[in-house]
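Position in the sequence shown (first residue = 1) + 87 = UniProt numbering. We treat Cβ as the ideally placed atom computed from N, Cα and C, and that holds for glycine. Reviewing the structure listed below.
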Amino acid sequence: QYLEQLEAAEPQVLSFITVAAESARAAARQLDDRIAREGTSGLEPLAGVPLGIKDTLCTAGMETTAGARVLKGYIPSYDATAVARLKAAGAILVGKTNCDAFAMGSTTESSDYQVTRNPWDLERVPGGSSGGSAAAVAAEQCVGTLGSDTGGSIRQPAHFCGVVGIKPTYGRVSRSGLIAYGSSLDCVGPLARIVEDAALMLSAIAGGDDMDATSSPRPVQDYAEGLPQASSLNSRPLAGKRIGIIKETIGAGVAAGVSAAFARAARHLESLGADVDEVSLPSSDAGLPAYYVIATSEASSNLSRFDGVRYGLHKQGANIRELYNETRGEGLNAEVKRRILMGTYALSAGYYDAYYKRAQQVRTLVQREMYAALAEHDALISPAAPTAAYRIGQVNSDPLEMYKGDLMTVNLNLAGLPAMVVPCGFEVGGGSRGQPLPVGLQIIGRAFGEADMISLGHIFE
Ligand code: GLN
Numbered sequence: 088q089y090l091e092q093l094e095a096a097e098p099q100v101l102s103f104i105t106v107a108a109e110s111a112r113a114a115a116r117q118l119d120d121r122i123a124r125e126g127t128s129g130l131e132p133l134a135g136v137p138l139g140i141k142d143t144l145c146t147a148g149m150e151t152t153a154g155a156r157v158l159k160g161y162i163p164s165y166d167a168t169a170v171a172r173l174k175a176a177g178a179i180l181v182g183k184t185n186c187d188a189f190a191m192g193s194t195t196e197s198s199d200y201q202v203t204r205n206p207w208d209l210e211r212v213p214g215g216s217s218g219g220s221a222a223a224v225a226a227e228q229c230v231g232t233l234g235s236d237t238g239g240s241i242r243q244p245a246h247f248c249g250v251v252g253i254k255p256t257y258g259r260v261s262r263s264g265l266i267a268y269g270s271s272l273d274c275v276g277p278l279a280r281i282v283e284d285a286a287l288m289l290s291a292i293a294g295g296d297d298m299d300a301t302s303s304p305r306p307v308q309d310y311a312e313g314l315p316q317a318s319s320l321n322s323r324p325l326a327g328k329r330i331g332i333i334k335e336t337i338g339a340g341v342a343a344g345v346s347a348a349f350a351r352a353a354r355h356l357e358s359l360g361a362d363v364d365e366v367s368l369p370s371s372d373a374g375l376p377a378y379y380v381i382a383t384s385e386a387s388s389n390l391s392r393f394d395g396v397r398y399g400l401h402k403q404g405a406n407i408r409e410l411y412n413e414t415r416g417e418g419l420n421a422e423v424k425r426r427i428l429m430g431t432y433a434l435s436a437g438y439y440d441a442y443y444k445r446a447q448q449v450r451t452l453v454q455r456e457m458y459a460a461l462a463e464h465d466a467l468i469s470p471a472a473p474t475a476a477y478r479i480g481q482v483n484s485d486p487l488e489m490y491k492g493d494l495m496t497v498n499l500n501l502a503g504l505p506a507m508v509v510p511c512g513f514e515v516g517g518g519s520r521g522q523p524l525p526v527g528l529q530i531i532g533r534a535f536g537e538a539d540m541i542s543l544g545h546i547f548e
């Protein structure tokens with residue numbers, strides 16, 4: 088049923104780089120046979136659930152391109168840990184979702200394969216970089232997807248497409264098999280239509296991993312267990328909870344439709360008994376440039392492995408230098424090159440103190456302010472992005488304008504904290520033909536406080 092919907096929607100939405108219909112049908116038939124033989128007891132928690140995987144995550148035997156031309160034809164020999172854990176939990180992979188090349192972007196227009204459309208308004212982008220993952224869920228092409236989030240790439244597309252997206256605490260989910268962008272920022276997490284589905288997926292993928300030294304060995308909670316059922320909610324379930332609105336993320340520069348939906352969401356939390364106040368994080372604005380220095384610096388190092396020898400595209404050259412130049416010249420797009428150049432510049436000897444070191448200092452400030460705010464609050468909230476979904480072509484030609492849209496999300500990656508986006512309303516009449524455009528609320532939890540954050544998000548269903 089999902090494959091039928093996937094195939095019907097795909098020509099308009101273009102969420103997938105690879106569709107694995109045959110292997111998915113075979114896996115589903117195998118499961119049917121097993122249920123006929125053994126019944127449904129003893130089934131894995133995600134048995135038979137059709138999922139899509141962002142193309143930045145390696146899948147054994149299935150082409151993995153990270154949305155980049157240089158990796159066309161690359162077939163990994165192993166599964167990313169998060170993918171292996173979903174498979175072990177019984178999930179069926181339906182394909183690989185489109186993304187900005189190497190997850191660099193906020194619209195998915197920087198993919199070297201296709202421009203994914205926002206299912207709510209086909210003239211708009213689904214966000215990025217996990218735009219294919221968000222669009223596939225919104226168009227009901229599968230139940231859930233994995234995304235990766237370096238500076239907002241799970242949360243902003245969730246907001247643009249009206250779905251749930253969770254960026255876990257740094258280290259909660261193994262990065263093994265994730266094609267690295269900014270290694271100190273990268274997080275793997277789920278997107279789904281409802282909070283409970285995202286929570287089930289997170290429970291399956293979280294946990295320590297010998298293949299990633301930065302993964303945390305802390306025990307994993309069952310994030311879906313005990314999610315309050317709507318019917319069992321008393322009238323003030325949030326009594327005693329303190330929730331802080333990040334002051335720097337509201338006000339000037341936020342579109343009216345986004346502000347209005349956010350204000351309603353904050354009032355809703357208040358009406359359920361929460362104590363909601365504003366909290367100022369004065370270093371917030373400095374986080375955005377610091378993020379773009381750190382992310383591009385790490386990317387310039389991580390992407391040196393795409394040299395035409397080890398993976399994917401391989402161009403001939405009279406000597407090794409020419410081979411590199413030809414391969415990288417053709418295989419990496421303008422946005423990827425821009426970022427490699429920025430990062431290389433920031434790391435070069437004469438500029439290191441002025442840029443990279445300074446950005447690391449800002450990162451520490453941002454982190455301290457966030458931790459201080461979370462010592463006094465159970466959670467922080469903000470809009471997920473300043474506007475609802477952009478029109479195709481609206482920001483892609485103006486990198487600075489596009490980078491500014493990441494203001495509300497990047498600081499959580501700098502701080503390593505968990506954050507999720509839940510749909511909280513619409514910008515009425517915001518679409519190209521007067522359609523409603525979805526708006527999401529960002530909820531920020533304490534480090535490894537995913538369970539509390541998720542139950543707060545669940546209130547919005
Ligand atoms: N839009 C941000 C960037 O381009 C975030 C991307 C991401 O989280 N992968 O860097």
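With 16 other CB atoms within 10 Å as the buried threshold, where does residue i fall?
{"i": "residue 418", "result": "buried"}
{"i": "residue 141", "result": "buried"}
{"i": "residue 439", "result": "exposed"}
{"i": "residue 120", "result": "exposed"}
{"i": "residue 127", "result": "exposed"}
{"i": "residue 187", "result": "buried"}
{"i": "residue 407", "result": "exposed"}
{"i": "residue 166", "result": "buried"}
{"i": "residue 98", "result": "exposed"}
{"i": "residue 335", "result": "buried"}
{"i": "residue 514", "result": "buried"}
{"i": "residue 492", "result": "buried"}
{"i": "residue 297", "result": "exposed"}
{"i": "residue 303", "result": "buried"}
{"i": "residue 164", "result": "exposed"}
{"i": "residue 123", "result": "exposed"}
{"i": "residue 321", "result": "exposed"}
{"i": "residue 184", "result": "buried"}
{"i": "residue 204", "result": "buried"}
{"i": "residue 243", "result": "buried"}
{"i": "residue 154", "result": "buried"}
Suppose the cutoff is 8 Å on Cβ atoms and the five residues either side in sequence are ignored; what does the same chain contact list for residue i look like?
{"i": "residue 537", "result": "253, 255, 256, 259, 289, 293, 308, 310 and 505"}
{"i": "residue 138", "result": "173, 178, 179, 180, 181, 229, 230, 231, 232, 233 and 288"}
{"i": "residue 162", "result": "148, 149, 150 and 151"}
{"i": "residue 357", "result": "363"}
{"i": "residue 486", "result": "422 and 425"}
{"i": "residue 392", "result": "398"}
Looking only at its chain, what residues have a beta carbon closer than 7 Å to the beta carbon of residue i, apart from the 5 residues adjacent to it on each side?
{"i": "residue 340", "result": "473"}
{"i": "residue 227", "result": "92"}
{"i": "residue 502", "result": "453, 454 and 457"}
{"i": "residue 323", "result": "359 and 360"}
{"i": "residue 497", "result": "238, 239, 374, 375 and 378"}
{"i": "residue 135", "result": "115, 118, 177 and 179"}
{"i": "residue 107", "result": "149, 180, 181 and 182"}
{"i": "residue 411", "result": "394 and 395"}
Nearest CA to the CA of residue i: which residue from the options?
{"i": "residue 528", "options": "116, 515 and 545", "result": "545"}
{"i": "residue 269", "options": "229, 385 and 173", "result": "385"}
{"i": "residue 427", "options": "380, 522 and 112", "result": "380"}
{"i": "residue 267", "options": "285, 89 and 382", "result": "382"}
{"i": "residue 199", "options": "236, 164, 157 and 238", "result": "157"}
{"i": "residue 532", "options": "107, 171, 459 and 218", "result": "459"}
{"i": "residue 524", "options": "478, 236, 395 and 547", "result": "478"}
{"i": "residue 144", "options": "102, 274 and 295", "result": "274"}
{"i": "residue 213", "options": "488, 481 and 500", "result": "481"}
{"i": "residue 520", "options": "387, 343, 210 and 337", "result": "210"}
Going by beta carbon distance, what residues of the same chain come within less than 6 Å of residue i, once the five residues before and after it are set aside?
{"i": "residue 530", "result": "466, 468, 507, 540, 543 and 544"}
{"i": "residue 96", "result": "226 and 228"}
{"i": "residue 206", "result": "100, 222, 225 and 226"}
{"i": "residue 483", "result": "194 and 196"}
{"i": "residue 216", "result": "186, 187, 190, 192 and 240"}
{"i": "residue 299", "result": "261, 262 and 263"}
{"i": "residue 389", "result": "267"}
{"i": "residue 301", "result": "258"}
{"i": "residue 518", "result": "208 and 524"}
Nearer than 7 Å: is that true of the beta carbon of residue i relative to any heavy atom of the ligand GDP?
{"i": "residue 338", "result": "With respect to small molecules bound, the structure shown includes the ligand GLN and not the ligand GDP."}
Which residues end up in the neighbourhood of the ligand GLN when you take C-beta atoms closer than 6 Å to any of its heavy atoms? Qualifying residues, in the order they occur: 190, 191, 192, 193, 216, 236, 237, 238, 239, 240, 268, 382 and 493.
Taking 8 Å as the cut-off, does the region 424–444 touch the region 394–402 (at least 3 CB pairs, one atom from each stretch)? Flag = no, the region 394–402 and the region 424–444 do not touch.
Using a Cβ distance threshold of 8 Å, determine whether the region 328–340 contacts the region 458–472, with at least three qualifying pairs required. A contact is defined here as three or more CB-CB pairs under 8 Å, and the region 328–340 meets this definition with respect to the region 458–472.
Stretch-stretch touch, CB-based, cutoff 8 Å, three pairs: the region 417–432 with the region 506–517: No, the region 417–432 is not in contact with the region 506–517.
Touch check for the region 345–352 and the region 405–423: three-plus C-beta pairs under 8 Å? Taking 8 Å as the limit for Cβ pairs, the verdict is that the region 405–423 does not touch the region 345–352.
Contact between the region 358–371 and the region 243–253 (3+ Cβ pairs under 8 Å): The count of Cβ pairs closer than 8 Å, one atom from the region 358–371 and one from the region 243–253, stays below three, leaving the stretches out of contact.
Is the region 271–287 in contact with the region 211–227, if contact means three or more CB pairs nearer than 8 Å? Yes, the region 271–287 touches the region 211–227.
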